[in-house]
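Residue numbers (my numbering): 52 to 251.
What follows is the structure in structure tokens.
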């Protein structure tokens, strides 16, 4: 039996992009949160009720919300791994066969974010992962990880979805924008489209 060899993806590039976004947005939201103490909410403002004590309370509340959002980011970028030799992929703690992976799409589907593009893939009705494929203008997956991801895609069952009115999926690219077939997913990994470019 083939010995397990898991290629780990920690998705640190995606976390780096999100950290940069948080650093840019945090001052704005913290100031806005503190200023919300002066806004009336269907009656008296929190400032009118508590005085100057309302300002640090709103500031701290906004900080807690931002911390919770960062926790969600970390949850969405949990590590996953691919075992090429045994044709297995581990997504969110669940081990699947390559053939169980049946969906792939651009994230965001509009590809309008200049600092990142991700490939979201997994089971149509099950676990999915969103993996950064373009950081800025550069490909984010290289070397052994790229080879493992391409092996996963080659052994997958990825197809574009179809609809009742288009059972053959002839117009699936238009009806389901951002979705990819197997060849399109491989193309995005090898040569990620630049910002604003449509997916393959």
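Ideal placement from N, C-alpha and C gives every residue a C-beta, glycine not left out.
{"Asked": "To the nearest angstrom, report how far apart residue 110 and residue 117 are at their CA atoms.", "Found": "11 Å"}
{"Asked": "What is the DSSP secondary structure of residue 185, reduced to helix, strand or coil?", "Found": "strand"}
{"Asked": "According to DSSP, simplified to helix, strand and coil, what is residue 108?", "Found": "helix"}
{"Asked": "Taking the alpha carbon of residue 198 as the reference point, which residue from 88, 183, 95, 237 has its own alpha carbon closest?", "Found": "237"}
{"Asked": "Tell me, to the nearest whole angstrom, how far the beta carbon of residue 28 is from that of residue 217; I am working on the premise that it is less than 8 Å.", "Found": "Outside the shown range of the chain (52 to 251) lies residue 28, about which nothing can therefore be said."}
{"Asked": "What residue range is occupied by the uninterrupted alpha helix (DSSP H) comprising residue 224?", "Found": "223 to 226"}
{"Asked": "Given a cut-off of 7 Å on the beta-carbon distance, is the pair residue 240 and residue 184 in contact?", "Found": "yes"}
{"Asked": "Rounded to a whole number of angstroms, what is the C-alpha to C-alpha distance between residue 196 and residue 242?", "Found": "14 Å"}
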